[in-house]
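Student: So the sequence shown is numbered by numbering that gives the first Met the number 0: it starts at 0 and just counts up by one. Backbone N, C-alpha and C fix where the C-beta goes; we use that ideal spot for every residue, glycine too.
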Amino acid sequence: MRVWARTRVPARVLAGLLACLCALPFTVLGAAPETGLAAGTAQVEAAASSGLGPRQLAIVINDNDPDSVAIGKYYRERRDIPAANVIHVRLPREASLPLERFRALKEDIDSRLGPGIQAVLMVWTAPYKVGCNAITAAYTLGYDEALCRDTCAPARPSPYFNARGRRPYSEHGLRLSMLLPIASVDKARALIDRGVISGFRLLPASAWYLSTSEAARNARAVFFPRPGYLASKRLRIHRVRGDAIEGVDDVLVYQLGKAEVDKLGSLRFVPGALADHLTSHGGELLGSSQMSSLRWLEAGATASYGTVSEPCNHWQKFPNPGVLLRHYLDGDSAIEAYWKSVAWPAQGLFIGEPLATPYPKR
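#1: Whole beta strand (DSSP E) runs in the stretch 63-145 with 3 or more residues, listed along the chain?
#2: Taking G321 as part of the alpha helix (DSSP H), name the residues at either end of that continuous run.
#3: My output table needs one value for E245: the three-state DSSP class, helix, strand or coil.
#4: What first and last residue would you give for the beta strand (DSSP E) that runs through D275?
#5: Let me know if G347 comes out buried or exposed under the rule of 16 or more other beta-carbons within 10 Å of its beta-carbon.
#6: Tell me, please, which residues DSSP counts as bridged to G164.
#7: List the DSSP bridge partners of V252.
#8: Any chance you could list the alpha helix (DSSP H) runs of at least 4 consecutive residues sitting entirely within the stretch 167-201, in chain order?
#9: Using a 10 Å radius around the Cβ and a threshold of 16 neighbouring Cβ atoms, would you call A272 buried or exposed?
#10: Just checking, does the stretch 348-358 make contact with the stretch 57-67 on the three C-beta pairs under 8 Å criterion?
#11: If you compare alpha carbons, which of R361, Y228, A355 and A220 is closest to L179?
#12: Is the separation between the beta-carbon of A182 and that of V307 shorter than 7 Å?
#13: Among residues of its own chain, excluding the 5 on either side of S332, which ones have a beta-carbon nearer than 8 Å to its beta-carbon?
#14: What are the start and end residues of the beta strand (DSSP E) that includes A300?
#15: Considering only C-alpha positions, which residue in the set S157, V59 and R77 is nearest to W123?
#16: Can you pull the DSSP bridge partners for H237?
#17: Between V250 and M290, is the Cβ-Cβ spacing less than 7 Å?
#18: Just grab the DSSP bridge partners of L60 for me.
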């Protein structure tokens with residue numbers, strides 16, 4: 000991973016982020032006192048309702064891909080998605096979608112969506128990028144052409160970063176998007192099932208934040224939540240130094256910086272688990288010299304994130320651990336919490352089951 004000189008953050012932006020990252024609004028038992036950005040997760044206004052629901056989600060199925068058709072049908076049934084929210088398209092099954100073809104796709108999708116649709120799920124593995132942009136970011140924020148001249152440069156900021164509210168399109172003019180990749184039909188069905196059952200009951204779980212031996216990939220370690228036990232959420236938070244965890248059977252969150260993550264087969268993820276690794280090409284689902292974010296889903300996570308082109312190690316291009324955890328624990332769905340956690344998401348691919356909500360508002 001290429002190292003980028005530290006980005007200068009405007010004082011007003013830094014002040015706002017510091018204010019957000021001041022403290023958890025729950026009792027933390029056994030937490031070591033800490034100061035600065037690492038002292039807590041993002042504080043946001045609690046919402047009156049849980050995350051997005053099936054009636055606010057559109058699903059897009061590629062009729063050129065039999066697996067997309069099969070999994071799209073399964074997803075609609077499991078999540079009770081209204082028939083009017085299902086869109087059929089025909090796309091090549093290649094990693095990158097040409098820009099003009101993408102623009103036509105976006106126009107086609109948008110023309111068929113009502114004002115109540117807040118998010119879109121694309122049900123396929125490929126295409127997953129448009130030039131240097133991830134297809135999810137290009138759809139939600141628009142294609143960032145300037146970034147492709149220098150992918151290590153700062154990207155366009157997302158107005159949804161650490162945002163409040165539960166209606167991204169109604170409140171921010173953005174339809175969130177996520178890709179549901181299909182390593183196999185059986186694995187995709189299992190992924191969907193994990194998302195569906197994630198909110199049935201509160202399970203004891205753990206969140207793991209690792210500072211690894213790959214120093215350039217530890218850019219977001221300063222934002223790791225403080226360790227301790229959140230009694231109301233039955234969640235134990237761990238911050239450790241190491242390159243992997245092993246034999247843990249209740250993983251809800253796992254974030255670290257590594258090109259390859261070992262020992263995934265020894266772990267058990269709880270339904271709704273989020274996991275990602277900070278590296279250059281984690282969003283290359285069809286293979287690269289680094290671990291694909293798809294491996295997280297195959298290991299049992301429910302959603303993940305990875306970049307599709309060299310981002311350099313800007314923390315803003317990856318999920319902010321404190322912001323992600325705070326919104327997820329506050330009742331956001333996986334798609335909302337992940338999107339709210341990335342400040343510059345142009346190169347980032349959001350994947351998984353979008354409606355997973357382990358901490359719904361009751």
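Tutor: The answer reads as follows:
#1: 85-88 and 118-122
#2: P320 to L328
#3: coil
#4: F268 to H276
#5: buried
#6: Partner(s): none; G164 has no beta bridge.
#7: A206 and L273
#8: 167-171 and 184-196
#9: buried
#10: no
#11: A355
#12: no
#13: S49, G50, L51, P353, L354, A355 and T356
#14: Looking at the DSSP string, A300 is not in any beta strand (DSSP E), and its letter there is neither H nor E.
#15: V59
#16: W207
#17: no
#18: Reading off the sequence shown, one finds Ile at residue 60, where the question assumed Leu. Answer is H87 and V122.
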